[in-house]
Amino acid sequence: MFVTKEDGVVVDQGERLPVERPFWTAIDRGAGDVPLPFDPEDFGLALARAHMFGRGIADRGTDGFLPLELPLRRFKLC
């Protein structure tokens, strides 16, 4: 999936993941994609919950892991 603010959905390949389907219902039914009919942050958080962490990024698991506490070893400003 590749989306731009100005051009809407530019690349959309493959079947939708179950977590994606509710967000894209309007577009799949023919609605426009500029602006997106959903909040991109909500979309990203839902994907992270379903496919990266198994819980919300601000939810500590029974194992003590809190996704927001992942250490950042380094970064570079370009």
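When you read off a place in the sequence shown, starting at 1, and then add 6, the result is the number in my numbering.
All C-beta atoms, glycine included, are put in the ideal place defined by N, C-alpha and C.
Since residue i and residue j are thought to touch, with beta carbons under 8 Å apart, how far apart are those beta carbons, to the nearest angstrom?
i, j, result
"residue 8", "residue 16", "5 Å"
"residue 14", "residue 39", "4 Å"
Provide the residue(s) that pair with residue i in DSSP beta bridges, ordered along the chain.
i, result
"residue 15", "9"
Would the beta-carbon of residue i fall within 9 Å of that of residue j?
i, j, result
"residue 63", "residue 78", "no"
"residue 26", "residue 53", "yes"
"residue 66", "residue 72", "yes"
"residue 32", "residue 44", "yes"
DSSP three-state label for residue i, please.
i, result
"residue 85", "Any answer about residue 85 is impossible in this case: the structure gives the chain only from 7 up to 84."
"residue 49", "helix"
"residue 37", "coil"
"residue 21", "coil"
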